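**Q**
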Amino acid sequence: MTGWSFLIVAAGRGKRFGGPPKQFEELGGLPLWAWSAGTAVKMKVAGVDQVILVAPPGMESFFEKEASTLQKEMEVKVVAGGESRKDSVLLGLRAARGKMAMIHDAARPFASTELCRRLIGKAGEVGSAIPVLPVTDALKVARDGVITASLPREDLLATQTPQAYPVEDIKNVLEEAPGKNHDEAEAWLASGRVPGWVRGDPLNFKITFPEDLEMARRMVRGAEDVKTGLGFDVHPLIPGVPLVLGGIRIPFTLGLSGHSDGDLLCHAVADAILGAAGLPDIGTLFPSSQERFRGIRSLDLLEEVAGLLHRRGYRVLSVDAVVNAQVPRLASMHGPILDSLSRVLFRGGEGSVSLKFKSGEGTGDVGKGEAMRCWAIAGIQRVGTGVGDEPGGGRI
Ligand code: MG
Numbered sequence: 487m488t489g490w491s492f493l494i495v496a497a498g499r500g501k502r503f504g505g506p507p508k509q510f511e512e513l514g515g516l517p518l519w520a521w522s523a524g525t526a527v528k529m530k531v532a533g534v535d536q537v538i539l540v541a542p543p544g545m546e547s548f549f550e551k552e553a554s555t556l557q558k559e560m561e562v563k564v565v566a567g568g569e570s571r572k573d574s575v576l577l578g579l580r581a582a583r584g585k586m587a588m589i590h591d592a593a594r595p596f597a598s599t600e601l602c603r604r605l606i607g608k609a610g611e612v613g614s615a616i617p618v619l620p621v622t623d624a625l626k627v628a629r630d631g632v633i634t635a636s637l638p639r640e641d642l643l644a645t646q647t648p649q650a651y652p653v654e655d656i657k658n659v660l661e662e663a664p665g666k667n668h669d670e671a672e673a674w675l676a677s678g679r680v681p682g683w684v685r686g687d688p689l690n691f692k693i694t695f696p697e698d699l700e701m702a703r704r705m706v707r708g709a710e711d712v713k714t715g716l717g718f719d720v721h722p723l724i725p726g727v728p729l730v731l732g733g734i735r736i737p738f739t740l741g742l743s744g745h746s747d748g749d750l751l752c753h754a755v756a757d758a759i760l761g762a763a764g765l766p767d768i769g770t771l772f773p774s775s776q777e778r779f780r781g782i783r784s785l786d787l788l789e790e791v792a793g794l795l796h797r798r799g800y801r802v803l804s805v806d807a808v809v810n811a812q813v814p815r816l817a818s819m820h821g822p823i824l825d826s827l828s829r830v831l832f833r834g835g836e837g838s839v840s841l842k843f844k845s846g847e848g849t850g851d852v853g854k855g856e857a858m859r860c861w862a863i864a865g866i867q868r869v870g871t872g873v874g875d876e877p878g879g880g881r882i
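Right, dumping it as structure tokens:
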């Protein structure tokens, strides 16, 4: 599974882009090429053990300095590129230690590790692999600025990178290929070889024009749209009522008193996610002055809150909670409570809940077994524009 070199071709001069070479443009605080280097490092577990950065001639030392943090994770070699793409790739391949190479455009910052794994898998089966996508736009032919014909698209595939080849074979192919090539598959095919293929990824688009960079920046900003909220609750422990935490009934002689079922874990978690969304707390949304909320199951309220978040265009990413309780011992309830909370919070999607039980160390009302406290923190992410009703006293 080892022996892959990951080549990042960053030697272009960016003629179509205008201004400085596009691989130096900033995206989410990193130069464009560094996104691909980050992907390569993540592929260490799948057998990638060398990154080769093909830099514009004369800029090797700049790349070496920038890549120094990556050096701690993986061998990074910086080589100077050549005049053409073919020359640059060949110069990179000559520095490859691996038997196999992934050859990637620095201008595709969003190549995913999943895509790289598909390529490694396919190349393992058939020797080489390129990512392709069907062409979905209708195609026209233009000559001298005049549209003269349509082109059938049924047999056409758009090719992306990374492309996976055996190092010696692709080196020979490129050395013998006449003229220039747009990608390595072009030379591979011209030599009479047939590349294996996997489905590419529409998000792995190439940044060619300034508008592409704007789109990439919007994607990165969207991914950063994560908000955090904090929730807290305290309830007294009294005899004669059931003890419920995270929707799970816990056998004990005392229970948490409250207008609802007193489930302070659900209350703190609900307030954390409402706070993250900038919405009013559950005391406002489900006021204790309203008789219909008496004895209500708080896990149902939490589910309502999760639904409200969803309608507002958010999803819950993570929840971390601390329950401060002297009695009873709760460790055995950890798994069931986590399952119960996950079911309502993530609505079948992905997310993480963590939960800690801390004793009162014999101090204060918690330590005397007279009360429980709970703190929760939640991370939520905007996933859409959000539609639906406004929150208001008891409306949800
Ligand atoms: Mg409460």
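The sequence shown begins at 487 in our numbering and counts up by one.
All C-beta atoms in this analysis are idealised placements derived from N, C-alpha and C, irrespective of residue type, glycine included.
These figures come from a predicted structure and were not determined experimentally.
(1) Within its chain, find whatever has a CB closer than 6 Å to the CB of Pro-814; leave out the 5 residues flanking it on each side and keep chain order.
(2) Within 10 angstroms of its Cβ, does Pro-617 collect 16 or more other Cβ (buried), or is it exposed?
(3) From which residue to which residue does the beta strand (DSSP E) around Asp-623 run?
(4) Just the Cα atoms here: how many angstroms apart are Glu-789 and Ala-593?
(5) Mark Ala-496 as exposed unless 16 or more other C-beta atoms lie within 10 angstroms of its C-beta, in which case mark it buried.
(6) Given 7 Å as the limit, tell me if His-820 has its C-beta closer than that to any heavy atom belonging to the ligand MG.
(7) Do you know whose CA, among Ala-650, Gln-649, Ala-676, Val-653, lies nearest Glu-662's CA?
(8) Expressed to the nearest angstrom, what Euclidean distance is found between the alpha-carbon atoms of Gly-673 and Tyr-651?
(9) With DSSP run on the structure shown, which of helix, strand or coil describes Gln-509?
(10) If we ignore side chains and look at the alpha-carbon of each, how far apart do Ala-532 and Ser-491 end up?
(11) Cutting at 8 Å between CB atoms, please list the residues of its own chain near Val-802, excluding the five before and the five after it.
(12) Comparing alpha-carbon positions, which option in Ile-734, Leu-576, Asp-535 lies nearest Val-653?
(13) Give the single residue among Asp-655, Gln-776, Val-808, His-745 whose Cα lies nearest to the Cα of Arg-783.
(14) Let me know the beta strand (DSSP E) ranges lying completely inside the region 634-688, each 3 residues or longer, listed in chain order.
(15) Can you list, in chain order, the residues of its chain with a C-beta nearer than 8 Å to that of Gly-872? Leave out the 5 residues immediately preceding and following it.
(16) Would you call the CB atoms of Phe-843 and Leu-824 closer than 8 Å?
(17) So who's on the other strand from Cys-602, going by DSSP bridges?
(18) Measure the Cβ-Cβ separation of Thr-645 and Ala-671 and say whether it is below 8 Å.
(19) Based on the DSSP secondary-structure assignment, which residues constitute the bridge partners of Cys-860?
(20) Out of curiosity, what's the CA-to-CA distance linking Asp-786 and Ala-754?
(21) For the alpha helix (DSSP H) that contains Leu-816, what are its first and last residues?
(22) Hey, would you say Ile-734 sits closer than 8 Å to Met-819, going by beta carbons?
(23) Can you list, in chain order, every residue whose CB sits closer than 6 Å to a heavy atom of the ligand MG?
(24) Which same chain residues end up closer than 8 Å to Ile-768 when comparing Cβ atoms and leaving out the 5 residues on each side of it in sequence?
(25) Just to confirm the assignment, what range does the alpha helix (DSSP H) spanning His-753 have?
(26) What three-state label does DSSP hand Pro-542 in the structure shown?
(27) So, at 6 Å on beta carbons, what are the nonlocal neighbours of Lys-528 in its own chain, with the 5 sequence-adjacent residues on each side left out?
(28) Smallest Cα separation from Lys-854: which of Arg-707, Ser-845, Asp-747?
(29) So, at 6 Å on beta carbons, what are the nonlocal neighbours of Lys-713 in its own chain, with the 5 sequence-adjacent residues on each side left out?
(30) Taking only the alpha-carbon atoms, compute the straight-line gap between Asp-698 and Thr-622 and give it to the nearest angstrom.
(31) Out of curiosity, what's the CA-to-CA distance linking Arg-829 and Val-534?
(32) Would you check if the distance between the CB atom of Leu-660 and the CB atom of Lys-572 is smaller than 8 Å?
(33) Under three-state DSSP, which class holds Ala-561?
(34) Can you check which of these residues, His-590, Gly-567, Leu-740, Arg-583, is closest to Leu-518 by C-alpha distance?
(35) Looking at the unbroken alpha helix (DSSP H) that takes in Ser-491, where does it start and where does it end?
(36) When the distance is taken between beta carbons, is Leu-689 closer than 8 Å to Phe-596?
**A** To lay it out plainly:
(1) Your numbering for residue 814 matches position 328 in the sequence shown. Excluding positions up to five away in sequence, the list reads Phe-738.
(2) Sequence index remark: in the sequence shown, residue 617 carries index 131 (1-based). With 16 or more neighbouring CB atoms inside 10 Å of its own CB, Pro-617 falls in the buried class.
(3) Against the sequence shown, residue 623 aligns to sequence position 137. Annotation for Asp-623: no beta strand (DSSP E) segment contains it, and DSSP assigns it neither H nor E.
(4) Against the sequence shown, residue 789 aligns to sequence position 303. Against the sequence shown, residue 593 aligns to sequence position 107. Cα-Cα distance, rounded: 43 Å.
(5) Counted from its first residue, the sequence shown places residue 496 at position 10. Buried is the label assigned to Ala-496, since at least 16 other Cβ atoms lie within 10 Å of its Cβ.
(6) Locating residue 820 in the sequence shown gives position 334, counting from the first residue. Outside the cutoff, so no.
(7) Residue numbering aside, residue 662 sits at position 176 when the sequence shown is read from its first letter. Among Ala-650, Gln-649, Ala-676, Val-653, the Cα nearest to that of Glu-662 is on Ala-676.
(8) On the sequence shown, position 187 is the one that residue 673 refers to. On the sequence shown, position 165 is the one that residue 651 refers to. It should be noted that the sequence gives Ala, not Gly, for residue 673. Distance between the alpha carbons of Ala-673 and Tyr-651 is about 12 Å.
(9) Your numbering for residue 509 matches position 23 in the sequence shown. Helix.
(10) Along the sequence shown, one-based indexing puts residue 532 at 46. Along the sequence shown, one-based indexing puts residue 491 at 5. The alpha-carbon atoms of Ala-532 and Ser-491 are separated by roughly 11 Å.
(11) As a position in the sequence shown, residue 802 is number 316, starting the count at 1. Hits under 8 Å: Ile-759, Ala-792, Leu-795, Leu-831, Phe-832, Gly-837, Ala-864, Gly-865, Ile-866.
(12) As a first step, residue 653 is located in the sequence shown; it is residue number 167 there, counting from the start. For the residues Ile-734, Leu-576, Asp-535, the minimum Cα distance to Val-653 belongs to Leu-576.
(13) The residue labelled residue 783 in the question sits at position 297 within the sequence shown. That would be His-745, whose Cα lies nearest to the Cα of Arg-783.
(14) 643-645, 649-652, 683-685
(15) Your numbering for residue 872 matches position 386 in the sequence shown. The predicted model places Gly-872 with a pLDDT of 42, which falls under 50 and marks its position as unreliable, so this point remains unresolved.
(16) Numbered from its first residue, the sequence shown carries residue 843 at position 357. Numbered from its first residue, the sequence shown carries residue 824 at position 338. No. Outside cutoff.
(17) What you label residue 602 is simply residue 116 of the sequence shown in a count that begins at 1. DSSP output for Cys-602 lists no bridge partner at all.
(18) In the sequence shown, the residue the question calls residue 645 occupies position 159. In the sequence shown, the residue the question calls residue 671 occupies position 185. The answer is yes: Cβ separation under 8 Å.
(19) Taking the first residue of the sequence shown as position 1, residue 860 is located at position 374. The partner list for Cys-860 (beta bridge, DSSP) reads Asp-719, Val-809.
(20) Looking up residue 786 in the sequence shown gives position 300. Looking up residue 754 in the sequence shown gives position 268. One C-alpha to the other measures close to 14 Å.
(21) Along the sequence shown, read from residue 1 onward, the residue named residue 816 stands at position 330. Where Leu-816 is concerned, there is no enclosing alpha helix (DSSP H), given that its DSSP letter is neither H nor E.
(22) To locate residue 734, count along the sequence shown from 1; it is residue 248. To locate residue 819, count along the sequence shown from 1; it is residue 333. In contact: Ile-734 and Met-819 (Cβ atoms closer than 8 Å).
(23) Taken from the N-terminal end onward, the list reads Asp-719, His-721, Gly-744, Leu-750, His-753.
(24) Sequence index remark: in the sequence shown, residue 768 carries index 282 (1-based). The answer, listed in chain order, is His-753, Ala-756, Asp-757, Leu-760, Leu-787, Val-791.
(25) Counting from 1 along the sequence shown, the entry for residue 753 is found at position 267. Residues 750-762.
(26) Within the sequence shown, residue 542 is the residue found at index 56, counting from 1. Here Pro-542 sits in coil by DSSP.
(27) Taking the sequence shown and counting its residues from 1, the one referred to as residue 528 is at position 42. Excluding residues within five positions, the ones whose Cβ falls inside 6 Å are Thr-599.
(28) Translated into the one-based positions of the sequence shown, residue 854 becomes position 368. Cα-wise, what sits closest to Lys-854 is Ser-845.
(29) Counted from its first residue, the sequence shown places residue 713 at position 227. Shown here for Lys-713: same chain residues with a beta carbon closer than 6 Å to its own, the five before and five after excluded, namely Ala-762, Ile-866 in chain order.
(30) The count along the sequence shown starts at 1 and reaches residue 698 at position 212. The count along the sequence shown starts at 1 and reaches residue 622 at position 136. So the alpha carbons of these two residues sit roughly 18 Å apart.
(31) Walking along the sequence shown from the start, residue 829 turns up at place 343. Walking along the sequence shown from the start, residue 534 turns up at place 48. One C-alpha to the other measures close to 37 Å.
(32) By 1-based counting over the sequence shown, the position of residue 660 is 174. By 1-based counting over the sequence shown, the position of residue 572 is 86. Yes, the pair counts as a contact, with Cβ atoms nearer than the cut-off.
(33) Residue 561 sits at position 75 when you count from the first residue of the sequence shown. According to the sequence provided, residue 561 is Glu. The question's Ala does not apply to it. Residue state, collapsed to three classes: strand.
(34) Locating residue 518 in the sequence shown gives position 32, counting from the first residue. Nearest option by C-alpha distance: His-590.
(35) Counting from 1 along the sequence shown, the entry for residue 491 is found at position 5. Looking at the DSSP string, Ser-491 is not in any alpha helix (DSSP H); the run it does join, the beta strand (DSSP E), is 490-495.
(36) The residue you call residue 596 lines up with position 110 of the sequence shown. The residue you call residue 689 lines up with position 203 of the sequence shown. In this structure, the beta-carbon distance from Phe-596 to Leu-689 falls below 8 Å.
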